[in-house]
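Q: Protein chains in written order, with this note's numbering: chain A, 421 to 900; chain B, 48 to 338.
By construction, the Cβ of each residue, glycine as well, lies at the ideal position given by its N, Cα and C atoms.
Quick one: structure below, then a few questions.
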């Protein structure tokens, strides 16, 4: 039996998208000097707006504005007052939460349920958490008089546009740095709305600058000689390129890169709860999550039963209009990403893994990919090694905890891991042995501003959130 | 006192890899002289193969050292200080020869080096209490963050402070459970070689500390590109061109890089920044509740 739902779309009347958008430099919107590009709704392929492309001239102007703001106001302002600006920003995001959520879903393709319940509230929480740090930095364990770094260049991905902006801007401002942030090419709109928030908050001019553009804009920003700090979230390949680009300079760097997380389910786990966690681990945000639980490791004795439950559960997921409040799976963010997912899933079939998807009708327009499960996967398969960044799960099995660890750690990545078991001692024992920066036990894909996030190995270095995240934007006391 | 007519027994100066003292696989040596230009010794000149052997040893060493209890790591580090104390005179002579300093200064450097090992030994079971914490997350989870060792670290000791500088680089890498491959001061390597003899008798896990002698410009590129090295400590690299090259190569596997400090002062009590540089923060969400 299948349930019928009446459509329940969120109204788009709350958002007001300008047909043409400028850059946000020195507290004002100004036209860019590159060739503008268009951002589309990936669920409909309709053009949402024209976006300015920042060129070298614009990058120079933004960095200059950030430097001036750093020298003249922000670095000299008492932490107490910096904090109050951040509190204002947190409140303004809450006040305009619905607008942010709808806009995010239109530009990104993620279900409104997620932008409304995850992205936007956690973004606001991030500013609220960091606001309180601004006048307490000497208690954070980085010495008695920790100093800001200067101008931070921040480059963020398209999977959580507003949330990644918050992860970058909140700690940078709390610690006294000024910011030039480049949102992803395909998802610039909520960053531009955030610029309006900065205006409403009366944030001093130049403290936050937003440059829209492509990878070339990002490269110019990274290379700018007057930038002191670079914070990047995105692919490992681009992260490596940035690490090479700034070699030999005194620029500080933090990288939050790719992942291929193991989600490990033991035979004593509550299966229904685990199945929910598996679904949340890989199908949340269409799998466009760097810490996604893309490798499911099932203990052999429960493998068959769990896969069966999982398939049953996947049949009930609703794929379609991201603005519909009942939608579970939204649109893939871009055609480029869709092609990558198609390519990697094809390699899974070619290499001999067994492919399965629930019956589901894909909308005619837009970019869509049905939730997919691969069984009979070996560790050598590309789908078990490479980050797919899509709603594709690779299932492997294990017999002993040691084998699970061996397989979980058999990857150059080390961002996250999941453990499902009723035994607390096993949770801590496994958590101890997994080489990953975030370990979720009997849950997955949970984020909190107080909880540091970041990877081991080729998943990057540095942390975002928590007390450790402050270290990415402060001088460490070093005498030798 | 030994009579002046006695012919002394001289030592062959070798590498320290995997708890053993091999010559360089390449068969090469280089001559080291004192500050007056007089011959001191032929020193093993480590090659690419020696560096790769050291990585294998370091990985093996890491697997047991990182699992040792914090109390045990503290005791092993303290044991190094105990053995060094017994070799004080030799260290003082070595430093005087190598650096051309007075007996007083060489003695002070030796004392400080031993005391620094003791300082770090005491951190072994404390640093995670200072760098880690619990996190008040929204939701029914006990959430905590702890620092863990990064893995295999390749380090270049400073060129000038042949013992204290070396210890100040090595000890903070080791204290959290990392293993290390350290390249000694090129022109003043003998104190490091004496140290390796202390390490060999100090309950240090074989392979956990590897000391290479030779030219960092030749050896480090092999370690910077090696996929089983997790981090670089470039304290002893002052040539900006080489520094940039190594940073470029480190990006191949996203290695953590600690750059050379500007005008290091090895005399002052260190901060925790060196320990922090070679640890990773792991955050665990443990469920909480009456299920």
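Is the CB of residue 287(B) under 8 Å away from at least one CB in chain A?
A: Reading the second chain from its first residue, position 240 is the one you call residue 287(B). At least one chain A Cβ lies under 8 Å of residue 287(B).
Q: Below 9 Å on C-beta distance, what does residue 575(A) contact in chain B?
A: Within the first chain, numbered from 1, the residue matching residue 575(A) stands at position 155. What residue 575(A) touches in chain B: nothing, since even the nearest Cβ is about 16 Å away.
Q: Of the residues that make up the stretch 881-895 of chain A, which ones have a beta carbon closer than 7 Å to any beta carbon in chain B?
A: Hits within the stretch, in order: 881, 883, 886, 887 and 888.
Q: Can you pull the chain B neighbours of residue 847(A), defined as C-beta to C-beta under 9 Å?
A: As a first step, residue 847(A) must be located in the first chain, where it is residue number 427. By Cβ distance, chain B contributes 331, 333 and 334.
Q: With which residues is residue 744(A) paired in a DSSP beta bridge?
A: As a position in the first chain, residue 744(A) is number 324, starting the count at 1. Its beta-bridge partners are 429(A).
Q: Exposed or buried, what is residue 810(A) when buried is set at 16 or more other beta-carbons lying within 10 Å of its beta-carbon?
A: Walking along the first chain from the start, residue 810(A) turns up at place 390. It counts as buried.
Q: Using a Cβ cut-off of 7 Å, pull out every chain A residue sitting near residue 183(B), in sequence order please.
A: As a first step, residue 183(B) is located in the second chain; it is residue number 136 there, counting from the start. Residues of chain A passing the Cβ test: 870.
Q: Report back the beta-carbon spacing between residue 210(B) and residue 194(B) to the nearest angstrom; my notes put them in contact at under 8 Å.
A: On the second chain, position 163 is the one that residue 210(B) refers to. On the second chain, position 147 is the one that residue 194(B) refers to. Going by Cβ atoms, the distance from residue 210(B) to residue 194(B) rounds to 27 Å, so no, they are not a contact pair.
Q: Given this structure, state the Cα-to-Cα distance separating residue 750(A) from residue 304(B), to the nearest angstrom.
A: For this step, residue 750(A) is matched to residue 330 along the first chain. For this step, residue 304(B) is matched to residue 257 along the second chain. For residue 750(A) and residue 304(B), the distance between alpha carbons rounds to 40 Å.
Q: For residue 58(B), which of 237(B), 251(B), 330(B) and 276(B) has the nearest alpha-carbon?
A: Here residue 58(B) refers to the residue found at position 11 of the second chain. Answer by Cα proximity: 237(B).
Q: Let me confirm a value: residue 438(A) is counted as buried when at least 16 other C-beta atoms fall within 10 Å, else exposed. Which label applies?
A: Your numbering for residue 438(A) matches position 18 in the first chain. So residue 438(A) counts as exposed.
Q: Check the C-beta distance from residue 879(A) over to residue 860(A) and give it rounded, since I have them as a contact under 8 Å.
A: For this step, residue 879(A) is matched to residue 459 along the first chain. For this step, residue 860(A) is matched to residue 440 along the first chain. At roughly 15 Å, the Cβ-Cβ gap does not stay under 8 Å, so residue 879(A) and residue 860(A) are not in contact.
Q: Under 8 Å, do residue 472(A) and residue 447(A) count as touching if we go by C-beta distance?
A: Translated into positions along the first chain, residue 472(A) becomes position 52. Translated into positions along the first chain, residue 447(A) becomes position 27. Contact flag unset, no.
Q: Which residue marks the beginning of the beta strand (DSSP E) containing residue 838(A), and which one marks its end?
A: In the first chain, residue 838(A) corresponds to position 418, counting from 1. Residues 836-840.
Q: Pull up the CB-CB distance for residue 215(B) and residue 163(B), whole angstroms please, since I reckon it's below 8 Å.
A: Position 168 of the second chain, counting from 1, holds the residue named residue 215(B). Position 116 of the second chain, counting from 1, holds the residue named residue 163(B). Right, their Cβ atoms sit about 6 Å apart.
Q: According to the neighbour-count rule (16 or more other Cβ atoms, all chains shown, within 10 Å of its Cβ), is residue 675(A) buried or exposed?
A: For the purposes of this step, residue 675(A) is taken as residue 255 along the first chain, with counting starting at 1. Buried, because 16 or more other Cβ atoms sit within 10 Å of the Cβ of residue 675(A).
Q: For residue 781(A), is the classification buried or exposed, using 16 other Cβ atoms within 10 angstroms of its Cβ as the cut-off for buried?
A: Reading the first chain from its first residue, position 361 is the one you call residue 781(A). So residue 781(A) ends up on the exposed side.
Q: Mind the definition here: the stretch 516-532 of chain A touches the stretch 606-615 of chain A only if three or more C-beta pairs lie below 8 Å; say whether that holds.
A: At 8 Å Cβ cutoff, the stretches touch.
Q: Would you say residue 190(B) lies against chain A (beta-carbon separation less than 8 Å)?
A: Here residue 190(B) is taken as the residue at index 143 of the second chain, counted from 1. Chain A, which has a Cβ nearer than 8 Å to the Cβ of residue 190(B), makes this yes.
Q: Hey, quick one: how far does the alpha helix (DSSP H) through residue 222(B) stretch, first residue to last?
A: Here residue 222(B) refers to the residue found at position 175 of the second chain. First-last of the alpha helix (DSSP H) with residue 222(B): 211-222.
Q: Under the rule that 16 or more other beta-carbon atoms within 10 Å means buried, what is residue 659(A), buried or exposed?
A: Counting from one through the first chain, the residue named residue 659(A) turns up at place 239. Buried is the call here.
Q: Under a three-way DSSP split, which group does residue 679(A) fall into?
A: Position 259 of the first chain holds residue 679(A). Note: residue 679(A) maps to coil in three-state DSSP.
Q: Using the Cα positions of residue 954(A) and residue 789(A), report the straight-line distance between them to the nearest angstrom.
A: With chain A represented from 421 up to 900, any question about residue 954(A) goes unanswered, as that position is not in the structure.
Q: By the three-class DSSP mapping on this structure, what secondary structure does residue 597(A) have?
A: In the first chain, residue 597(A) corresponds to position 177, counting from 1. Of the three classes helix, strand and coil, the one that applies to residue 597(A) here is coil, per DSSP.
Q: Between the stretch 535-542 of chain A and the stretch 447-460 of chain A, are three or more C-beta pairs nearer than 8 Å?
A: Not touching, per the Cβ criterion.
Q: Can you tell me which of the three DSSP states residue 275(B) falls into?
A: Sequence index remark: in the second chain, residue 275(B) carries index 228 (1-based). Coil.
Q: Measure from the C-beta of residue 878(A) to each C-beta in chain B and report whether the shortest distance is under 8 Å.
A: In the first chain, the residue the question calls residue 878(A) occupies position 458. So, interface residue.
Q: To the nearest whole angstrom, what separates the beta carbons of residue 703(A) and residue 737(A), a pair I think is in contact under 8 Å?
A: To locate residue 703(A), count along the first chain from 1; it is residue 283. To locate residue 737(A), count along the first chain from 1; it is residue 317. Sure, about 7 Å apart at Cβ, within 8 Å.
Q: Applying a beta-carbon distance threshold of less than 8 Å, which residues of chain A neighbour residue 265(B)?
A: Within the second chain, the letter at position 218 stands for residue 265(B). Those do not exist, as residue 265(B) stays about 19 Å from chain A at its closest Cβ, beyond 8 Å.
Q: Beta-carbon of residue 860(A) versus every beta-carbon of chain B: anything under 8 Å?
A: Counting from 1 along the first chain, the entry for residue 860(A) is found at position 440. By this cut-off, residue 860(A) is an interface position.
Q: Does chain B have any CB closer than 8 Å to the CB of residue 774(A)?
A: Along the first chain, one-based indexing puts residue 774(A) at 354. Judged by the 8 Å Cβ criterion, residue 774(A) is not in contact with chain B.
Q: Please classify residue 622(A): is it buried, with 16 or more other beta-carbons within 10 angstroms of its beta-carbon, or exposed?
A: If you number the first chain from 1, residue 622(A) lands on position 202. By the 10 Å Cβ count, residue 622(A) comes out exposed.
Q: Give me the chain B residues within the contact set of residue 656(A), using Cβ-Cβ distance strictly less than 8 Å, ordered along the chain.
A: Numbered from 1 along the first chain, position 236 holds the residue referred to as residue 656(A). Within 8 Å Cβ-Cβ: 301.
Q: With a threshold of 16 other CB atoms inside 10 Å of the CB of residue 55(B), please say whether the residue is buried or exposed.
A: Residue mapping note: residue 55(B) aligns to position 8 of the second chain, counting from 1. Answer is exposed; the Cβ neighbour count stays below 16.
Q: Tell me where the beta strand (DSSP E) around residue 625(A) begins and ends.
A: In the first chain, the residue the question calls residue 625(A) occupies position 205. Note, residue 625(A): premise wrong, no beta strand (DSSP E); not H, not E.
Q: Please list the segments of the beta strand (DSSP E) lying wholly inside the stretch 705-781 of chain A, counting only runs of 3 or more residues, in order along the chain.
A: Qualifying beta strand (DSSP E) stretches, in chain order: 715-719 and 774-776.
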